[in-house]
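Below is one structure, written out as structure tokens; comments come after it.
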Amino acid sequence: MILRALIALIGLSLLPACATRLFAPATTPGFQLSTGDLHYYVYAPKDWSADRAWPVIVYLHGAGERGTDPASPTQKGLGPVVWRSNGTFPAIVIFPQAPTDSYWGMPDNNDRVLRVLDEVMARYHGDPARVYLTGNSLGGFGTWFLGALHPERFAAMVPICGGVRGKAPRPDAPFAAVPEDQRAAEIARRIGKMPVWIFHGAKDWLVPVRFSRELNTTLKAAGGDVQYSEFADLGHNSWDRAYGDPKLFEWLFAQHK
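Add 1 to a position in the sequence shown, counting from 1, and you land on the number used in our numbering.
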């Protein structure tokens, strides 16, 4: 019951929203706000052109960035890494936003993310063979769920401090009918050979590290293509170190469908 309660807390605003902006995406090289009915930020390198196809990263934010401010998802996780590149980060990066009190992986948010992905692929000349999915905390859970539901869309996944255990928030949640102790096996079956690199902090106080350990072990046993990095000195925020490692992106951009 304690572990179930901890996972339920991910859906609450325990991780404070950014009251002070780290940067303003509207005035940052490469960042643009979509003007369609789905408000989201997208980043394109300064040297972007339609002369070639570009890799695309879908980033799913944590619980504190939910809401109606499309700039919020850019402020933590992958956004600061892209910001510090000053327009040289070599991929298209999508920052969709989940509505307040909602969850990544739910059918309505899955539809939202895939609609945004389709828009960006068409507008920015995305390469269908190099579309990548990543997220942290709430977004780490969403990465597992969305990636398992639509493995045909992604060339690789990078879930950070996520998992697939915990009580489903709604009856229509993905894999809600699958017993918790069988979920990792079902996820592994659906992901198949898609390359996955898992990150987690060993001292995580919110999402138990055993969630990622279980998925790593299950994927390996199923013959999956998986790497696992556990940071012995870190708690819940393992995303800054993970996204701050250039080796992650060297590996990621080498993956093709």
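C-beta: ideal position from N, C-alpha, C; glycine also. Please read all numbers here as calculations on a predicted model, not as lab measurements.
Neighbourhood of residue i by C-beta distance below 6 Å, restricted to the same chain and skipping five residues each side
i, result
"Leu79", "Tyr60, Tyr244"
"Leu220", "Ala189, Val227"
"Arg166", "Glu181, Phe212"
"Ser35", "Tyr41"
"Leu58", "The sequence as given places Ile at residue 58; Leu does not occur at that position. Excluding positions up to five away in sequence, the list reads Ala92, Val94, Tyr133."
Residue i - partner residues in DSSP beta bridges
i, result
"Ala157", "Tyr133"
"Gln259", "Outside the displayed span of the chain (2 to 258) sits residue 259, for which this structure offers no information."
"Gly68", "Bridge partners of Gly68: none, in fact."
"Gly260", "The structure shown has nothing for residue 260, since the chain only spans 2 to 258."
"Leu139", "The partner list for Leu139 (beta bridge, DSSP) is empty, contrary to what the question assumes."
"Leu61", "Gly136"
Beta-carbon contacts of residue i that lie in its chain and below 8 Å, excluding the five residues immediately before and after
i, result
"Gly12", "Summary for Gly12: the model assigns pLDDT 40, below 50, so the residue's position carries little reliability; its value from the coordinates is reported in the next sentence. Only Ala64, Asp102, Tyr104, Leu139, Pro170 meet the Cβ criterion."
"Arg190", "Ala223"
"Leu249", "Val159, Trp198, Ala243"
"Ala186", "Thr219, Ala223"
"Asn217", "Ile199, Val227, Tyr229"
Nonlocal neighbours in the same chain, by C-beta distance under 7 Å from residue i, ignoring five residues either side
i, result
"Pro196", "Ala157, Asp226, Gln256"
"Pro46", "Gly31, Gly88, Thr89, Phe90, Pro91"
"Glu153", "none"
Residue i classed as buried or exposed, judged by whether at least 16 other C-beta atoms fall within 10 angstroms
i, result
"Asp52", "exposed"
"Arg22", "exposed"
"Ser239", "buried"
"Asp1", "In the structure as shown, the chain begins at 2 and stops at 258. Residue 1 is therefore absent and cannot be evaluated."
"Ser50", "exposed"
"Thr75", "buried"
"Lys194", "exposed"
"Pro247", "exposed"
"Ala123", "exposed"
"Pro172", "exposed"
"Ser14", "Residue placement at Ser14 cannot be trusted, given a pLDDT of 33 that sits under 50; what the coordinates show is reported in the next sentence. Exposed, because fewer than 16 other Cβ atoms sit within 10 Å of the Cβ of Ser14."
"Pro26", "buried"
"Lys168", "exposed"
"Ala149", "buried"
"Ala99", "buried"
"Ala178", "exposed"
"Ala9", "Note that Ala9 scores a pLDDT of 39, beneath 50, so its modelled location is shaky and nothing firm can be said."
"Gly143", "buried"
"Thr135", "buried"
Is the region 180-199 in contact with the region 81-88, if contact means three or more CB pairs nearer than 8 Å?
no
The region 126-133 / the region 106-117 touching (three or more Cβ pairs under 8 Å)
No, the region 126-133 is not in contact with the region 106-117.
Which runs of the alpha helix (DSSP H) fall wholly inside the region 161-244 and span at least 4 residues, in chain order?
181-192, 210-222, 240-244
Within 8 Å, do at least three Cβ pairs link the region 68-77 to the region 110-127?
no
Which runs of the beta strand (DSSP E) fall wholly inside the region 83-117 and span at least 3 residues, in chain order?
The DSSP assignment places 93-96 as complete runs of the beta strand (DSSP E) inside the region 83-117, in order along the chain (cut-off: 3 residues).
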